[in-house]
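*Asks:*
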Amino acid sequence: TNTGTLATLTGDGDPWASFVTYGLLGGAPVLCVSNLAEHGRNPAGDPRASIAIVAPGTETDPLANARITLAGRVEAPEGDERNAA
Numbered sequence: 001t002n003t004g005t006l007a008t009l010t011g012d013g014d015p016w017a018s019f020v021t022y023g024l025l026g027g028a029p030v031l032c033v034s035n036l037a038e039h040g041r042n043p044a045g046d047p048r049a050s051i052a053i054v055a056p057g058t059e060t061d062p063l064a065n066a067r068i069t070l071a072g073r074v075e076a077p078e079g080d081e082r083n084a085a
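Numbering (my numbering), first residue to last: 1 to 85.
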């Protein structure tokens, strides 16, 4: 299972970080979120978000593992992409 920390903005503009699962569709992350959760509702008001992903590793120091942060705007998939997601 692919996991990461998703950061979104609340309606008041406050940061909100949540643990999420994701898949990849054509190399792009597809987030598994629900509108029942804060992180699922927030992008409707402000689509700006980032996700931090840490590669699984066997390092004794978790900060030594490879990691990446992606920033952009959340978009709901449509058409064939929605079906694939």
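Note that the Cβ used here is the ideal one computed from N, Cα and C, for glycine as well.
Taking 8 Å as the threshold, find out whether the stretch 2–9 comes into contact with the stretch 23–34 through three or more Cβ pairs.
*Replies:* With a cut-off of 8 Å, the stretch 23–34 and the stretch 2–9 count as touching, because enough Cβ pairs lie within range.
*Asks:* With DSSP as the reference, identify every bridge partner of S18, one or two as the case may be.
*Replies:* Per DSSP, L6.
*Asks:* If you follow the beta strand (DSSP E) that G88 is part of, which residue opens it and which one closes it?
*Replies:* In this structure the chain extends from 1 to 85, so residue 88 is not present and cannot be described.
*Asks:* Should N42 be labelled buried (16 or more other beta-carbon atoms within 10 Å of its own) or exposed?
*Replies:* N42 should be labelled buried.
*Asks:* For A49, count neighbouring Cβ atoms within 10 angstroms of its own Cβ and tell me buried if that reaches 16, exposed if not.
*Replies:* Classification for A49: buried.
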